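Colleague: The sequence shown stops at residue 339 when you use the working numbering, and every number in between is there. Handing you this structure, nothing more for now.
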Amino acid sequence: MADSILVSLDGTQHDADAPFLHADDLAAVRGDGIFETLLVRAGRPRCVRLHLERLARSAAAMELGTPDLDEWRGVIEAATQAWVEKHGSAGEALLRLVYSRGREHGSAPTAYVTVDAVPDRVAAARAEGVRVVTLDRGFSIDLAGSAPWQLLGAKTLSYATNMAALRHAAAEGYDDVIFVSSEGAVLEGPRSTVVAVYGDTLVTPPTEIGILESTTVSAVFDVAEREGWTTKTDLLRPEDLVAADSVWLVSSVTLAARVTHLNRYVMPVPSDSANFADLVDRAISVDDN
Numbered sequence: 051m052a053d054s055i056l057v058s059l060d061g062t063q064h065d066a067d068a069p070f071l072h073a074d075d076l077a078a079v080r081g082d083g084i085f086e087t088l089l090v091r092a093g094r095p096r097c098v099r100l101h102l103e104r105l106a107r108s109a110a111a112m113e114l115g116t117p118d119l120d121e122w123r124g125v126i127e128a129a130t131q132a133w134v135e136k137h138g139s140a141g142e143a144l145l146r147l148v149y150s151r152g153r154e155h156g157s158a159p160t161a162y163v164t165v166d167a168v169p170d171r172v173a174a175a176r177a178e179g180v181r182v183v184t185l186d187r188g189f190s191i192d193l194a195g196s197a198p199w200q201l202l203g204a205k206t207l208s209y210a211t212n213m214a215a216l217r218h219a220a221a222e223g224y225d226d227v228i229f230v231s232s233e234g235a236v237l238e239g240p241r242s243t244v245v246a247v248y249g250d251t252l253v254t255p256p257t258e259i260g261i262l263e264s265t266t267v268s269a270v271f272d273v274a275e276r277e278g279w280t281t282k283t284d285l286l287r288p289e290d291l292v293a294a295d296s297v298w299l300v301s302s303v304t305l306a307a308r309v310t311h312l313n314r315y316v317m318p319v320p321s322d323s324a325n326f327a328d329l330v331d332r333a334i335s336v337d338d339n
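And the structure:
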């Protein structure tokens with residue numbers, strides 16, 4: 051991590067290669083915390099307001115202390131500036147906010163920001179698309195409403211299942227995953243939201259079925275509506291994805307990766323696929339800080 055940036059919430063910059071967490075921090079031993087991941091492009095963090103609002107919602111769901119969003123905004127700016135001073139403003143970076151309950155036997159919450167290089171897989175996913183397999187998530191679309199302690203709408207640090215799904219997909223020859231519910235409804239990816247394009251209509255699953263509210267999709271739908279697209283949330287099934295003009299995995303860093311294969315089905319190549327990717331680029335460039 052020699053090129054990484056690490057800044058604690060008080061604004062102090064730390065050596066990213068030196069020990070930072072206590073061994074009993076609940077982030078490490080229980081995944082008891084939340085996080086956000088932002089794209090830094092041309093020296094500016096993108097969709098800051100949307101990410102901070104989601105951080106606050108996740109904190110409330112986890113019964114963590116209410117985050118001071120102005121304080122977080124300040125440390126985001128400080129960490130971004132430190133990255134720019136070290137690497138310049140050209141290109142992109144990945145900025146992550148981490149907020150945990152603190153140490154196991156009691157302490158103040160642990161809160162910090164890191165900035166690092168964007169993974170190599172991102173450029174490939176944007177340019178070439180992704181081969182996707184559908185996997186059973188193991189719960190009903192009713193679970194979020196009946197069992198709020200499952201934290202299905204919070205962006206928690208407990209990502210072991212998500213990463214296991216990605217490893218399973220890779221072993222089967224796929225790049226990514228779309229989870230489906232026990233009823234067969236499309237949910238989300240391990241690190242992305244599903245958007246299906248039908249002509250000039252964009253459709254994404256509703257958050258009420260137990261998925262994370264996507265900051266990027268929120269930004270995209272806002273711009274799309276102003277530009278004359280129709281946007282909607284609706285239940286989707288894998289067969290609805292096959293019938294779409296195109297299907298995309300949307301996230302804050304990869305932005306838009308077109309699904310080229312869904313299970314063993316080869317998705318048709320749309321003639322206007324660049325339109326959606328351009329829409330996402332424009333949406334994350336809107337200054338909402």
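Think of the CB as a built atom: it goes at the ideal place given N, C-alpha and C, for glycine as much as any other residue. For clarity, every value in this text was computed on a predicted model and none was experimentally measured.
Is Trp279 closer than 9 Å to Ala245 when the C-beta atoms are compared?
Modeller: Before going on, a small fix: residue 245 reads as Val here, not Ala. For Val245 and Trp279, no; Cβs fall outside 9 Å.
Colleague: Which of the three DSSP states, helix, strand or coil, is assigned to Gly195?
Modeller: helix
Colleague: Please classify Tyr149 as buried or exposed, where buried requires at least 16 neighbouring CB atoms within 10 angstroms.
Modeller: buried
Colleague: Where does Arg217 sit, in a helix, a strand or coil, going by DSSP?
Modeller: helix
Colleague: With Trp298 as the anchor, note down where its beta strand (DSSP E) starts and where it stops.
Modeller: Ser296 to Ser301
Colleague: May I have the straight-line CA-CA distance separating Val57 from Val125, to the nearest angstrom?
Modeller: It is roughly 7 Å from the alpha-carbon of Val57 to the alpha-carbon of Val125.
Colleague: Suppose you measure from the CA of Pro318 to the CA of Glu277; what does that come to, to the nearest Å?
Modeller: 25 Å
Colleague: Could you tell me if Asp226 is buried or exposed, where buried requires 16 or more neighbouring beta carbons within 10 angstroms of its beta carbon?
Modeller: buried
Colleague: By how many angstroms is the C-alpha of Val168 removed from the C-alpha of Pro95?
Modeller: Roughly 13 Å separates the two Cα atoms.
Colleague: Enumerate in chain order the residues of its own chain whose CB-to-CB distance from Thr283 is below 7 Å, with the five nearest sequence positions on each side excluded.
Modeller: Thr254, Pro255 and Pro256
Colleague: Check whether the Cβ atoms of Leu76 and Glu86 sit closer than 9 Å, and answer yes or no.
Modeller: no
Colleague: Could you tell me which of Asp322, Phe326 and Val292 sits nearest to Leu305, measuring between CA atoms?
Modeller: With distances taken between Cα atoms, Leu305 lies closest to Phe326.
Colleague: Quick one: residues in its chain with C-beta nearer than 7 Å to the C-beta of Ala294, no 5 flanking neighbours on either side, listed in chain order?
Modeller: Ala246, Val247 and Tyr248
Colleague: Under a Cβ-count criterion, where at least 16 other Cβ atoms within 10 Å of its own Cβ denotes burial, should Gly152 be classed as buried or exposed?
Modeller: buried
Colleague: Quick one: residues in its chain with C-beta nearer than 6 Å to the C-beta of Gly93, no 5 flanking neighbours on either side, listed in chain order?
Modeller: For Gly93, the CB contacts under 6 Å within the same chain, skipping 5 residues up- and downstream, are Val134 and Ser139 in chain order.
Colleague: Output needed for Asn212: all residues of its chain with C-beta closer than 6 Å, excluding positions within five of it in sequence on either side, in chain order.
Modeller: Closer than 6 Å at Cβ, skipping near neighbours: Pro240.
Colleague: Alpha carbon to alpha carbon, how far is Glu272 from Leu207?
Modeller: According to the sequence displayed, residue 272 carries Asp and not Glu. Cα to Cα, the separation comes out at about 28 Å.
Colleague: Return the bridge partner residues of Gly239 from the DSSP annotation.
Modeller: Ser242
Colleague: Which residue from Leu59, Ser231 and Ala219 puts its Cα closest to that of Leu312?
Modeller: For Leu312, the closest C-alpha among the options Leu59, Ser231 and Ala219 is that of Ala219.
Colleague: For the stretch 113 to 170, which segments carrying the alpha helix (DSSP H) assignment without a break, of at least 4 residues, lie completely within its bounds, in sequence order?
Modeller: 119 to 137
Colleague: Here's a check: name, in chain order, each residue in its chain whose Cβ is nearer than 6 Å to the Cβ of Leu201, leaving out the five neighbours to either side.
Modeller: Ala111
Colleague: Is Arg332 helix, strand or coil when you go by DSSP?
Modeller: Three-state result, Arg332: helix.
Colleague: Would Asp170 and Ala143 qualify as a contact pair, given that the criterion is a beta-carbon distance under 9 Å?
Modeller: no
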